Structure formats: C-alpha cells, structure tokens
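>
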Amino acid sequence: MKKFRKVLDGLTTSSPGGTIGSPSCGSAAGTPTATPTPKEIDIQETLVSENFQLCKTVRHGFPYQPTALAFDPVQKILAIGSRTGGVRILGRPGVDCYCQHESGAAVLQLQFLINEGALVTACADDTLHLWNLRQRRPAVLHSLKFNRERITFCHLPFQSKWLYVGTERGNTHIVNIESFILSGYVIMWNKAIELSTKTHPGPVVHLSDSPKDEGKLLIGFESGTVVQWDLRLKKADFRIYYDEAIHSVGWHHEGKQFMCSHSDGSLTMWNLRNTTKPFQVTFPHGKIQKDGRKESCKPILKVEYKTSRNSEPFVIFSGGLSYDKAGRRPTLTIMHGKAITVLEMDYPIVEFMALCETPYNNEVQEPYAVVVLLEKDLIVVDLTQSNYPVFENPYPMDVHESPVTCTAYFAECPPDIIPILYSIGAKHKKTGYSQKEWPIAGGTWTLGSHTYPEIIITGHADGSIKFWDASAITLQMLYKLKTSKVFEKPKPGEGRAAELVEEDPFAVQMVSWCPQSRIFCVVGISAHIILYRFSKYDANTQIVSLEVRLQCETEDVISPSENENNPCFSESSPHSPQPHHQQQQQHPPSPGSGTPEGNKDSIPHLKVKDRMVRVPPGYQAELAIQLLWIDGEPPQQITSLDINSAYGLLAFGNCNGLAVVDYLQKTILLCMSTLDLYGAADPYQRLTRSPRRNRQSTSGLTELSDNQQSIDMERSKSPTSESRENSFSRSRSSSVSSIDRDTKEAITTLQFGESYGRKSDALPTPCLWVGTSLGVVLLIPMSIPTDHEERMEEPVTIGPSGTVLMLKGSVLRFGFLDCMGAIIQSPFEVWRDLNAPQDPDRPRRRKLVHFSPSSSQDSCGEGHLAVVCSERQAKVFLMPSQSCLFVHNITESSFVLRADVVSVCNSVCLACFCANGHVMTLSLPSLRPLMDVNYLPLTDMRIARTFCFTNGGQALYLSSPTEIQRITYSQEMCDNLQEMLGELFTPIETPEAQNRGFLKGFFGGNSHNFDREELFGEAAAGKASRSLAQHIPGQVGMEGMKVAASGAVGELARARIALDERGQRLGELEERTALMMTSAESFSKHAHELMLKCKDKKWYQF
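In my numbering, the protein residues as written are 1 to 1102.
Below, the structure is given as structure tokens:
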C-alpha cells in the first residue's frame, strides 16, 4: 500500500518514467502549472503489480474459417477445427473451450479418443497432436511431426490405441496413441495395389476397419482404387478399380457391403462377395435428359450410410447437384427408403456428421441427428422427425449474422435489466425448431460464485444492434434492435451521388448506453444519430427529426488578426445561443439559406419516416439527428458522442465541430466549429477557413425550414477521419506551434459530468468536457433548470468558458475521481416508462441521481480530480485550480488506441491498449505503471475498432470477423478462472457391446480375437525410420497464457502466471527436487575434487 501526501505549493510533480527496459515507454518530465493552495491530497493507493495478470478467459461466436468436425458419441462433445489452427470444443451451454495450435497451421482432421477425454488433431504442417481434455484448459500431451510425407487422412478405431495415418504418397502408417511413436508396420502403396498397375493410385482419402473383422482395413485412394488389406497376413483381400475418383466411403454395420461417393455425383454400392463391379450405381440428382443421357452432376464430397432398427437405412450426403442449376444453394440430401429430402443451406458445407446412439461400428447405428458445419454457421438436424426440423442452437453462433462494426462492454449492470431485455427479446424468437433437447450435451458447468450482470452490445453493418447477456463467461442473445426501421428504404442513387453513398448506409459506428435510465444512442455511418427510449408497452409514435449543418466553406480564408475580431465565446462573456435560437424560430430564413441548388443538395442521404408508426415493446426511437449533405458532398462522419439522461442532453462532434442537442425539448443548443469553441483561448496560431459571414449570426446559429435547425460550418476537402484508421505506424505530433490551414481538428471524445468550468467556480456545475485530435481539452459549463416543468420549457444556457488544457496526441478519454480517489459516476435519470398507464394520484416525475464531487468529501474540502488520457500521455488535473498533479508519457514509438478509467479490486486504474499490441495499466491518481504486457503483436483494424475495457478487470475485442475474445487483466479473476470454466470430461461408463449371439459370432468373423499389439508393437513390427517422423513431447500443464512481457513489470507479471491444473504444483515440486538433487550432486563432485587435490598437502601448505 502506498500513501501519497502532496502539498500543492507550486511544486512540479511527475510520476516516474516509463517501464524500465520497455522501448515503447519514455520518461515523463512533468511541468504542471500548479497554483499555490493550502489543500492536501491524501489518497491511499491500494493497487500493486501483483493485482494484475493478463490471460484469455473465453471465446464466443462461430469458429472462423472452419475446416474439420468430430463428435464423441459417449461424452457427447463436439470439436471444430479451423484454418488458423484453432480448435473449439463444445458441450452443454456453458461448456465452451477454445484451444490454439502454436504453429497456427490449419486443422485437417479431428479424431476423438471416444470416452477417453482426449483428442487427436492432424494439421496442415503434417503434425499430429494429442490433446488432454481431462482438464478445464486442454493442453497438448504429444506431437508427431512427419518429415517426408504429407498427412491426408486419419482413422482411430473405437477402443484402439493404434491410429491409422494415410499420406499423400498413398502409404498408411500406424501411430501408438499412448507413446505417440510410429510403428514399424507400414502399408506401402505399391504393396496395396497390383504390381501390374502402371499408375500411382493417388493420396489416401479413406481409412476404416471392417465392422465384420477389425483385422481388415479398407483403404480408399483418390483415383478410384479401393483395397481391403488383411493386417495379419499383410496382403490385399481384394482390390477395386473404378473409373471415377472417390471422395468418401461408408460401411453397412454388418460389414458385408459399403457405399462410395464419387466426383461425377454418383453413389456406388459394393458387396464383398463380388467386388468386380458395383451392384448398384445411382445418380441421386442426375435426371435423364431427352437424348437419353444423364445430366452431369457435381461431386458428392461425403456420404454416410447409417442403418436403423425400425426403418430403412439413412443415406446422407453433401453435393451431387446437377451443374445446369446455376445459383442453387449448397445442399444436404437425406435419402430414407424411397423418400429423398434436400435441405438447402445458407452457406457452403464444410463437413457433416451423423450422430448415432452407439459407438460400435458393428451394431445398428440408429442415427438421431446430423451435425452440419457450414462456412459461417453450425446447424443440427433432427432425424427422428419426418420433416427434419433443426434444433435451436444454444451457442451464440450468429454474432456475425451481419458483420460486427462496433462493440460495447458493460460490467456490473443493474440486475433487473437482463430479465427485462430477455423477456422482450423472447417474443421475437423464431419458431419451428425441434422440440427435443440439444443433442451436444456433454461436460458439466455450474454458475460460479464470481458472477455479476454483464452486457455486451454489438453494432452491425446492416444497422442492427444486439444486446447479449455476458454474465458468468457465457453469451446469450437478449434483444435485437433494427435501426434501419427509423428510415424509409433508400432509393438507388445516380451518378456521383451513387459513388459517394455507403454500401451499408445504416452501419453502426458507435453506441452510447445509460443502463440506469435505459436511454440508448446509436451513431451510424451516414452521419446520423438515433436516440431510443425503453418501454415495456407498444405505442404509436412519430420520430422527431433534426437536421444539423456541421460543415464549412472552402472559400473565405481569413488571417488570424481578422479572426480575432470575430464575435466568439470567451470566459468573460459567455453566450447562450438558446434565446437567439428561439427568436429565429419566429422568422425562419428561406430554405437552404441560398440558391435552389443549395437547397437540393442540403438534404440528408437517408429519409426519416415522417408518419405515425406502431412500435413494439423494447427500444423505441424518439429522435433522429442527421448531418446534411452540402453541395453534393456527404457530411464528415461523427467521431465522438456522449449522452446524459440527468441533463437531457446529447453531444456529438466530427472533424468540423461540435453540436449539443436538448433531446427533451428537441432543440439544438450549440453548433460550432472547433476553432470557435476556443474563442480567445486558442493555443495555436493558424490560418483557417471560416463560415461565410452573411450566413452566420454572432451566436453561430441559423435555421432551416420545417423547424429543422442547422449551422453553416467549416468544411474542407482534407481526408476524412477514416484515414487515421488505415495506418497505425503514422507519426503524430501535436506540439507544433503553427498548424497548416488544411489541418482539421476533430472532436475525439466528449464527457458530461459535474465539474468546475472556470478556476473561479466555487461549486460544481453541469459541464461538457471536450477533447480534440490536437490534444486540447475544452470545458463548456452549462446552466440547466432543475425544476421538472422549467426543464421542459426554459432554455438551457451553454457556452465555452475559455478553459483549455493541453496533452500530447489526440485526446481519448476522461475520468473523474473525488479527492479520496473513488470514481465519480455521471449523473443519471432513473428509468421511467413514458408509455405506462397514467396514475392520477402519482404523476410521473423525473427522478435524478447526482454524484456531485463536493458531496462525498467534507473532510478534504471542495474539488475533484480529472484524469485525461491521450494517444501518448496521461495527466491528472486538480479541479477547479486546473493544476496538473501527475503526468506520464505512455508511449513514444506507438500510440494508444483505447483507454478507460476502470474499477478493479475495489480500486481504480487507467487501462490502455496500444497500437503495438501492449496492454497497460496505470495507478490513479499517481499514474505509476502497474502492468505492461505485449499481448497482441500484430494489431489489425478490426481489433483496434472493437477493443474495449470494462470494470472488474475485463476487456474484449473481435479476434476474427465471427468471434468475440474476452480477456482479463485481473489476477483475482485469473485465479478464479478454473472455477468459472466448464469441465469437458465427465466420467461415464462405456456402453457395453450388444450380445451378438453364438451363430453370429461364429460365422461373423473373429474380430474380437484381433490383437493389434502383436502386429504393430515394436517386438513384431520393429521401429520406424527415425527420419520419417519426429516425436515432440507436449508442454503439459502450461495453464493460462504465456506472455512476452518487457521491463520489470513484465518480469513480475510473468512470474505470477497461475498454473492451476491437476498435478501442476506437484510437477513444480518435482522440478525443484530434481534441481536440488543436481545441485547436491554438483556440490558433492566439487567437494570430492577438492578433497583429492588437498589430500597430500601438509597443514602449512594451505
């Protein structure tokens, strides 16, 4: 625990420099302008480096670019492999585990050791891995790297410890699963085929043991050759040569016949009694044409042949459609007797698998479902009902239904918000699902004790918003909102206008949500803002539309001296645009304030519905704000937003200026260029483009027709704010004394709160903190009527105060602490349902909750601390004196993408995510570095756009276009993570094999007498060539995440990574014991050498 006592007597104070040894951190020489004051800051900081550790917690969403599928029919868990080397293991809801191959090589195939709690993965780098699933975070036990051959297919018979591995050269190798060592037994391709065959049969595409006799292995080669190999006699029982390439093979459970799928869209049935030709050839989707020929069909990529006790067998396959049906969607076909059902899929089929009651391949299979892995979805079809309904998927596989464009993360939400959102969202759920339980129900998961209400909000390219319940490391969809319903359907544009219009005009850029008042605000890519209120009742409503002209002209460049004479806001003469605004409403100017062409171009791209609409319960649009197109050019995108329910105000800004809207009175209070906000306090000397004087009043307000207010503001043709997102390596500097006139100063962050707008203020008042891209912080005090009736009728006075604070780099985030170091929450209005039936005895009034800086510190007087973080540094100011108490240069070589003041371990800290991938935390208020971890070395645009911190030491980002990755930087949560995760493996008795009966066992072959150990063991088969494959022992027990950290803080973090799995502590003890034994042996050896050396010496020779 560290205690700070700072006496502000004009002393210059700074935090220590950057983390030692970290190239991304530089020293900070703080030179704050502290005003003499007798006040003491007495804050006990409780956070230390030991409170922080970074690790991944859970990944949600659909596995990106899936490649492989496997199912354990006894444990009832499913595994999905991906192109980037990820493996996702799913069981019952809550059992969801993500593993990653270090190599990052694509997963070709997955094979469960059924009911053993283990999984074999075959990767594109020709390596086999054995994963241990008997721990909450699976780890690799063994790896086997093939050096000379490429792996194409694997097969592991049930209850066998020998894995068959087929290769591109056509050879079949055998691996011992326990030791992960190759057997000397090899089935060479040239032995498998006849010597007279002149061509190579191609890669192995199928391996399976005969259901009738485990000593017979069926090998399918790509060219169309099928061989049944007698493992005991080491020779082929039969060979089939077929003209068409083979894609897959499926056995009948009795082992007397099998089915093949081919590249010409045909299915062939073969009987073991006569293998010279197939006894049946069918083209399920190939019709006979008029000339008598069959239609040419696409390949059938996979077939499964499953028998049923009480009905005809099921033949399930993917592909095989005729080529002439262009544009048809991918299909899964189910043939059951004479009935053929074609299921059309939304995306291409990657893999499918029938789920059967028995793990034994020689019993009636009884398929009850089929899992279909699509490129962007996972569906399970119920085979027990004739109409084949799908099961309702309990996992959040539709995060990417429309591409995710922004995210927001809220921990410690009001407890009643999740049930309310769920109850309203449930009314809009799809129907027609299977009534049966979700069949992938393996593993165990219980609600941990470390859970609290959490909500994740995702914004999407189609304008939809999804609210997710993220409590207890799960993710469940609560409620979906479509913002596009506010607007009329856009008409296709022509010419240049069509080129400028966004492909997704409703795409969500950012959201602002107040969980207490349930007011929700959405910013869209077409420079529009929609404000929603929450109601449990449906209503007839008309959306109020406001249009804002936040632009500037390209002419009328004026000099700085001329600019100084312009009327502007300053501390001495604060203006309120509101009275002037009211006056203008009585005398509206001509539409467009100019030429008819100007009127035509000054219209938003999207048209708000101007009629009464019936809205269902939930979030109901109340206000739509749009920036206008000017002279055929689209408006600049909105870069910042904040909303405050207690004040009834909404503020937003872009690279041209700032606007503040009173959403209770539906009026625009302020609409100014960034330059005009400074007044006389502009820290830069610059040339500027100013609005035309004949269009601008002294208070900076004009009005359009139809009661739509807008302002004629700055506009220049420099690149939009998007350009900053396209490059992370771009050098930035805000310390220049002269700014080029093309430079745009964007409003980058906004925050409403109770503060001191001027140094002379004795009491806090409502203020708007404004941060710009040039590192400037402006304070705008406001006067808001407190009485309910007055608030709805009287104007809100607002005007810049002249207060200016400076930082290096673009300002990202504000946070406010009281003089005891606790976070001051923004004031809010308690939620009230405006559509609820009126009670005459209890009229609904606004109930406001304020967290005034002065209310909680009688002992240490007035004032509060303001934490300001920019792209390069953080500063802590004391208000109202505006003294800089602490400063820390976060990074010199990179820049901060995201920063937040968050609560963790009953205290507060500043969390930062840098463009170079570093995640850092700094203490508050002293800005000491607590953690610095090089977490994501390669940061891309998607991660930068979606990374967000929240309270409780948690954060999230979009790790792929379809997946949300949650992480924690709290040591406490890392320690509790084991308890929160689900168990993948549960001890279950393996079902007994059916009694086959004496005659069936006698005539059905001697499969149960087959001993693989005798054939494949080292004693019989010898050792495999060492150069063929290399055994790599796994790093068993590496729990958590290995992080490449730098500096003293990183060393500390690395030392504190928790290894909690079974046997880990014991393993550490064994290592220490071994180390001590080695040390003891070394000591003994040296002592012995010294004794021999000194043995013959006399006492006086020493």
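Quick reminder that beta carbons are idealized off the backbone N, C-alpha and C, glycines included. Keep in mind the model is a prediction, meaning the values are calculated, not measured.
Near T33, which residues of its chain fall below 6 angstroms by C-beta distance, leaving aside the five closest residues on each side in sequence?
Low per-residue confidence applies at T33: pLDDT is 36, beneath 50, and the placement is therefore not dependable, though the value from the model is reported in the following sentence. Once the five neighbours on either side are set aside, T33 has no close Cβ partner at all.
> Please state the DSSP three-state secondary structure of D209.
Strand.
> Would you call Y756 buried or exposed, if buried means 16 or more other Cβ atoms sit within 10 Å of its Cβ?
Under this definition Y756 is a buried residue.
> Span of the alpha helix (DSSP H) holding T946?
941 to 946
> Specify the secondary structure class of K191 as computed by DSSP and reduced to three states.
helix
> Could you give the DSSP three-state label for A681: helix, strand or coil?
helix
> Where does G425 sit, in a helix, a strand or coil, going by DSSP?
helix
> So is M397 buried or exposed if we call it buried at 16+ other beta carbons inside 10 Å?
Residue burial is scored here from C-beta neighbours: M397 has at least 16 other C-beta atoms within 10 angstroms and is therefore classed as buried.
> Considering only the alpha carbon of each residue, which of I240, L231, W229 lies closest to E222?
For the residues I240, L231, W229, the minimum Cα distance to E222 belongs to I240.
> DSSP has F506 in a bridge; who is on the other side?
DSSP output for F506 lists no bridge partner at all.
> Please give me, in chain order, every unbroken run of the alpha helix (DSSP H) with length at least 4 that falls completely inside the segment 756 to 820.
788 to 793
> Are at least three pairs of beta-carbons, each pair with one atom in the segment 203 to 221 and one in the segment 981 to 992, less than 8 angstroms apart?
Between the segment 203 to 221 and the segment 981 to 992 there are fewer than three inter-stretch CB-CB distances shorter than 8 angstroms, so the stretches are not counted as touching.
> Taking 9 angstroms as the cut-off, decide whether the C-beta atoms of F534 and G425 are in contact.
no
> Quick check on DSSP: helix, strand or coil for A408?
strand
> What does the Cβ neighbour count give for Y185, buried or exposed, with the cut at 16 atoms within 10 Å?
Here Y185 is buried: its Cβ has 16 or more other Cβ atoms, across all protein chains shown, within 10 Å.
> When the Cα atoms are used, what is the spatial distance from K376 to F352?
14 angstroms
> Exposed or buried, which one is T667 when buried takes at least 16 other CB atoms within 10 Å?
It counts as buried.
> What whole-angstrom Cβ distance do N171 and I151 have, given they're in contact under 8 angstroms?
That pair is no contact at about 11 angstroms.
> Leaving out five residues on either side along the sequence, give the residues of the same chain with a beta carbon under 7 angstroms from the beta carbon of P278.
T268, M269, W270
> Okay, do the segment 785 to 793 and the segment 911 to 922 touch, 3+ Cβ pairs below 8 angstroms being the bar?
no
> In this structure, how does DSSP classify Q626 when only helix, strand and coil are distinguished?
strand
> In angstroms, rounded to a whole number, what distance separates the CA positions of L69 and D469?
28 angstroms
> Which residues mark the beginning and the end of the alpha helix (DSSP H) in which F1016 is found?
1012 to 1016
> When DSSP builds the beta bridges, which residues end up paired with E871?
E871 is not bridged to any residue.
> Here's the rule: buried if 16 or more other CB atoms are within 10 angstroms of the residue's CB, otherwise exposed. What is E312?
exposed
> Leaving out five residues before and five after A955 in sequence, what residues of the same chain have Cβ atoms less than 8 angstroms from its Cβ?
Y409, A911, F913, V919, F947, C948, F949, R966, I967, T968, Y969
> Closer than 8 angstroms is the cut-off here; do at least three beta carbon pairs connect the segment 809 to 828 with the segment 893 to 907?
Yes, the segment 809 to 828 is in contact with the segment 893 to 907.
> Given this structure, state the Cα-to-Cα distance separating E963 from D346, to the nearest angstrom.
Taking the straight line joining both Cα atoms gives about 19 angstroms.
> For P394, which option in S1025, D72, G91 has the closest C-alpha, if you only look at C-alpha atoms?
G91
> Evaluate N362 with the Cβ neighbour count: other Cβ atoms within 10 Å of its Cβ, from every protein chain shown; 16 or more gives buried, anything less gives exposed.
buried
> If you reduce the DSSP assignment to three classes, tell me which class S729 lands in.
Residue placement at S729 is flagged as unreliable, the pLDDT there being 39, under the threshold of 50; a coordinate-derived value is accordingly withheld.
> Judging by CA-CA distance, which residue of H155, A192, D243 is the nearest neighbour of S1104?
In the structure as shown, the chain starts at 1 and stops at 1102, and residue 1104 therefore has no counterpart that could be examined.
> Let's see if you can read the secondary structure: which residues bound the beta strand (DSSP E) around M269?
267 to 271
> Let me check understanding here. Comparing Cα to Cα, which of T446, E344, Q365, D416 lies closest to G327?
E344
> Identify which residue in R614, S471, I440 has its Cα closest to the Cα of P453.
S471
> Go ahead and pull the three-state DSSP assignment for R832.
In the structure shown, R832 sits in coil (DSSP, three-state: anything other than H, G, I, E or B).
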